[in-house]
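Right, one structure below, let's go through it.
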Amino acid sequence: MNPAKTRLAVLGTMSDLHRQPISYDLHSLQKTIAEVSPDLLCAEITREGWERGDLSQAPLEVREALALVIASMDIVLIPVIPTPEQFPDFAPASGWRRRLVRTFDRFLRWGQIQANDVETINGSWFSIFCHTICWLTELVWTAKDRAEWERQNKQLVENIVHAVQRDSGRRVLVAVQCQRLHRLIPLLHAHDDLFSIVAYQDL
Amino acid sequence: MTIREITVSVGGGQELDRAGLSALIASLPGLLVVPIDKTPPPQVLVWETRTSTDELPSVQSDIPILLLTEDAGFESLSESVTGLLSRDESPSALGIAIRQVARGEQYLSPSLAVAILEKHQTGSVLTESEKSIIETLTERESEILELLARGLSNKLIAARLYLSVRTVEGHLANIYLRLGVHSRTEAMLMAVKIPKSIGTTVR
Chain A
782 MNPAKTRLAV
792 LGTMSDLHRQ
802 PISYDLHSLQ
812 KTIAEVSPDL
822 LCAEITREGW
832 ERGDLSQAPL
842 EVREALALVI
852 ASMDIVLIPV
862 IPTPEQFPDF
872 APASGWRRRL
882 VRTFDRFLRW
892 GQIQANDVET
902 INGSWFSIFC
912 HTICWLTELV
922 WTAKDRAEWE
932 RQNKQLVENI
942 VHAVQRDSGR
952 RVLVAVQCQR
962 LHRLIPLLHA
972 HDDLFSIVAY
982 QDL
Chain B
18 MTIREITVSV
28 GGGQELDRAG
38 LSALIASLPG
48 LLVVPIDKTP
58 PPQVLVWETR
68 TSTDELPSVQ
78 SDIPILLLTE
88 DAGFESLSES
98 VTGLLSRDES
108 PSALGIAIRQ
118 VARGEQYLSP
128 SLAVAILEKH
138 QTGSVLTESE
148 KSIIETLTER
158 ESEILELLAR
168 GLSNKLIAAR
178 LYLSVRTVEG
188 HLANIYLRLG
198 VHSRTEAMLM
208 AVKIPKSIGT
218 TVR
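In order, the protein sequence lines correspond to chains A and B.
Numbering follows the working numbering, with no gaps: position 92 of the first sequence is 873.
Numbering follows the working numbering, with no gaps: position 121 of the second sequence is 138.
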């Protein structure tokens, strides 16, 4: 319908740190989404959960920030994750792998605490730090979990691609936990013919 | 990056109603409540009425008015009234209605739309020419027309079909053109006749 090429930006969110008893201001995430005001917002919730209005399995930032912003604006939420599992759900249950994952996790949490705002979380130093820690963590996971994580991210990208193909020429913001970004961005770049990936500030 | 705020004034009703409504509007992102006599004038005037016999505002005719009402029995309305919002709608619908009216579009709450249609549509059926025009609509346009006939707002249609609001607006413009109608209400009046005439042919 619209011949212009879709513009797509990826916004990393603080993710599971919100599960911790650390009080983060979700208002800054809401404000960023409202300012960017995308046409479509791809978020981490399953289609079944979203259509039932059941946000209980969705990450806190979806429940407490994104859902509230889109309710009062002309933004349409596209549920894109195939299953509700998040990065920390893949941690091994016991043994040396678990201990190592917990060590990496502590590093990641330290980094997230230093990067307590949307801009820093999506800045270059935190991206390199987060990508490195997440890559190392994934190496320690079992092969089965790694394959499942990869499958989930591929499916997520497919869902984003379907949304873009259904409604081309729009401004699409993908808001996902920052631990996904090092997997997601290369997968999204494989579809450069469908959309231009830009910084969220330039959307 | 700053969000462009829509200026809104509140009038009609009792002082407490106006104060509550102003506070609610001010809490929605991108909306700014200003005095009714402000220069430049507000972009939207939200007017509280209880019944269709309440006094309507006499303001500059170029300010679009969104009427907050619980009664769809108005015999005639000023040209400035481009939105009718039911009092039983959620607070988030108010934000969507204000934005739609500010963009120069019309807004009609689903419950009011149904009441208006019930009042005007008594046993009418499509003519042969209307039927043949409706059969030329694409599958997507038919889908949107069906949702329009159920009284859904553009945002709700977009959310239901996982399309952006702008795309739905584009489809609606095409639908109006094909049907030879000039407003949402005219399109709805034609759409509600479809099941009686050609039923599942289009649906």
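We put the CB at the ideal spot given by N, CA and C, even for glycine.
On a predicted model such as this, the values are computed, not experimentally measured, just so you know.
Reduced DSSP secondary structure (H/G/I, E/B, other) of residue i
i	result
residue 22 (chain B)	coil
residue 118 (chain B)	helix
residue 209 (chain B)	coil
residue 65 (chain B)	strand
residue 31 (chain B)	coil
residue 774 (chain A)	The shown model of chain A, from 782 to 984, leaves out residue 774 (chain A), and the question about it has no answer.
residue 215 (chain B)	Note that residue 215 (chain B) scores a pLDDT of 49, beneath 50, so its modelled location is shaky; the value from the coordinates is reported in the next line. Coil at residue 215 (chain B), not helix or strand.
residue 198 (chain B)	coil
residue 874 (chain A)	coil
residue 899 (chain A)	helix
residue 971 (chain A)	coil
residue 839 (chain A)	coil
residue 938 (chain A)	helix
residue 124 (chain B)	strand
residue 923 (chain A)	coil
residue 60 (chain B)	coil
residue 867 (chain A)	coil
residue 108 (chain B)	helix
residue 791 (chain A)	strand
residue 190 (chain B)	helix
Beta carbon proximity, residue i to chain B, threshold 7 Å
i	result
residue 853 (chain A)	yes
residue 942 (chain A)	no
residue 955 (chain A)	no
residue 951 (chain A)	yes
residue 861 (chain A)	no
residue 979 (chain A)	no
residue 857 (chain A)	yes
Residue i versus residue j - alpha carbon distance
i	j	result
residue 906 (chain A)	residue 171 (chain B)	41 Å
residue 870 (chain A)	residue 191 (chain B)	47 Å
residue 973 (chain A)	residue 790 (chain A)	12 Å
residue 52 (chain B)	residue 26 (chain B)	6 Å
residue 33 (chain B)	residue 110 (chain B)	21 Å
residue 943 (chain A)	residue 159 (chain B)	21 Å
residue 146 (chain B)	residue 199 (chain B)	17 Å
residue 939 (chain A)	residue 67 (chain B)	49 Å
residue 117 (chain B)	residue 123 (chain B)	7 Å
residue 126 (chain B)	residue 829 (chain A)	26 Å
residue 99 (chain B)	residue 164 (chain B)	20 Å
residue 878 (chain A)	residue 918 (chain A)	9 Å
residue 59 (chain B)	residue 946 (chain A)	38 Å
Chain A contact for residue i (CB, 7 Å cutoff)
i	result
residue 40 (chain B)	no
residue 146 (chain B)	no
residue 98 (chain B)	no
residue 119 (chain B)	no
residue 26 (chain B)	no
residue 176 (chain B)	yes
residue 219 (chain B)	Below a pLDDT of 50, predicted positions are generally treated as unreliable, and residue 219 (chain B), at 42, falls in that range; no measurement from the model is reported.
Contact belief for residue i with residue j at Cβ below 8 Å, rounded distance in angstroms
i	j	result
residue 889 (chain A)	residue 956 (chain A)	In fact, because the Cβ distance is near 19 Å, the residues do not count as touching under 8 Å.
residue 820 (chain A)	residue 951 (chain A)	4 Å
residue 168 (chain B)	residue 130 (chain B)	3 Å
residue 184 (chain B)	residue 855 (chain A)	The pair is not a contact, with the Cβ atoms about 11 Å apart (cut-off 8 Å).
residue 863 (chain A)	residue 937 (chain A)	7 Å
residue 850 (chain A)	residue 811 (chain A)	5 Å
Chain C residues whose Cβ lies nearer than 8 Å to that of residue i
i	result
residue 947 (chain A)	Among the chains of the structure shown, chain C does not appear; the protein chains present are A and B.
Can you list, in chain order, the residues of the region 801 to 829 of chain A whose Cβ is nearer than 8 Å to any Cβ on chain B? 811, 812, 815, 816, 817, 818, 820 and 821
Using a Cβ-Cβ cutoff of 8 Å, what residues of the region 44 to 71 of chain B are near chain A? List them in chain order. Here the close residues are 45, 46 and 47.
Near-chain A residues of the region 101 to 118 of chain B (beta-carbon distance less than 9 Å), N- to C-terminal order: 107, 108, 109, 110, 111, 112, 113, 116 and 117
In chain order, what residues of the region 178 to 200 of chain B put their CB closer than 7 Å to some CB of chain A? 179, 180, 181, 182, 183, 184 and 187
Near-chain A residues of the region 153 to 173 of chain B - C-beta to any C-beta below 7 Å: Answer set for the region 153 to 173 of chain B: 172.
So if I threshold CB-CB distances at 7 Å, which residues from the region 827 to 851 of chain A count as touching chain B? Those residues of the region 827 to 851 of chain A that come within reach of chain B (Cβ to Cβ, closer than 7 Å) are 850.
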